[in-house]
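Position one of the sequence shown corresponds to residue 146 (our numbering), numbered consecutively onward. Don't be surprised by glycine CBs; every beta carbon is placed ideally from N, CA and C.
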Amino acid sequence: MKTRIIFLSSLLLVAFAFFAFHTPQDQKKPAPWKVDAKYKAMKNPSAGDAESIKLGKTLYAKHCKSCHGNTGLGDGPKAANLEVFPGNFSDAKFHAAYNDGEMYSISIIGRDEMPNFESKIPDEEGRWAVVNYVRSLKK
146 MKTRIIFLSS LLLVAFAFFA FHTPQDQKKP APWKVDAKYK AMKNPSAGDA
196 ESIKLGKTLY AKHCKSCHGN TGLGDGPKAA NLEVFPGNFS DAKFHAAYND
246 GEMYSISIIG RDEMPNFESK IPDEEGRWAV VNYVRSLKK
């Protein structure tokens, strides 16, 4: 019994050390997104008003925060298990790099470890609301 407790304690210590010292710097930097021209040309039909941002926040909480974190810093509970850092949505450089149509593609179509959300967020209003919410995270 004593050996089992020592083993389990050691295992917990190793797991804690891994998660405590595994930082986003250990992950690959994301490559720039190559977005299809169809999405680059898309215009956001939503005003990005408080109602849209509220809907986007709800959908973000359900589908995005587990990787991207509560405030979009890329620090969600699943983020440490990703090969590629999920990004920092508060960074003005991120927002400057992509128009709303590109952000739509990134958020809804995805690539690699970023899943496709077309079936989970089927309506256009919700998809654009996520874009509007992510835009609201810019510092």
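{"Check": "Thr216: CB within 8 Å of a non-hydrogen atom of the ligand GDP", "Outcome": "The ligand GDP is not part of the structure shown, which contains no ligands of any sort."}
{"Check": "Three-state class that DSSP yields for Met248 in the structure shown", "Outcome": "helix"}
{"Check": "Whole-angstrom C-beta distance between Ser252 and Val180, which should lie under 8 Å", "Outcome": "Not quite, the Cβ-Cβ distance comes to about 11 Å (not below 8 Å), so this is no contact."}
{"Check": "Backbone secondary structure at Val180 - three-state DSSP", "Outcome": "coil"}
{"Check": "Distance CB(Lys223)-CB(Ser235) smaller than 9 Å", "Outcome": "no"}
{"Check": "Residues that DSSP places opposite Val229 in a beta bridge", "Outcome": "Lys173"}
{"Check": "Close-in-space but distant-in-sequence residues of the same chain around Lys174 (CB under 7 Å, 5 per side omitted)", "Outcome": "Phe230"}
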